[in-house]
Amino acid sequence: PIEELDTIERAILHIGCYELEYNNDIPWKSVINESVELAKTFGAEDSYKYINGILDKVAKELRQIHTKDVAS
17 PIEELDTIER AILHIGCYEL EYNNDIPWKS VINESVELAK TFGAEDSYKY INGILDKVAK
77 ELRQIHTKDV AS
């Protein structure tokens with residue numbers, strides 16, 4: 017659960033989710049990669065794995081929604 021994450025990991029997830037939702041001009045892979053790099057630098061030892069998994073799921077859901085909206 018997100019409540020159990022450290023402040024750093026929570027902030028990285030918030031930033032990554034925001035970019036995936038509102039900055040469609042940034043490729044989703046870049047958003048995830050930058051978030052993972054932040055987690056490797058500033059987060060707990062293996063937190064980058066968790067960040068990667070969560071943002072990958074979020075990207076699949078959010079970017080699919082935006083693709084459908086553009087096609088309509």
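Reading the sequence shown from the start, the letters are residues 17 to 88 in this note's numbering.
Glycine included, each C-beta is placed from N, C-alpha and C at the ideal position.
Nearest candidate by alpha-carbon position, reference residue i, set the options
| i | options | result |
| --- | --- | --- |
| L29 | N39, I42 and I18 | I18 |
| L21 | N68, E53 and S63 | S63 |
Residue i and residue j closer than 8 Å at C-beta
| i | j | result |
| --- | --- | --- |
| A60 | E25 | yes |
| N39 | V52 | no |
| I48 | A75 | yes |
| E50 | L78 | no |
Could you tell me which whole beta strand (DSSP E) segments of length 3 or greater appear in the region 18-47? Runs found: none.
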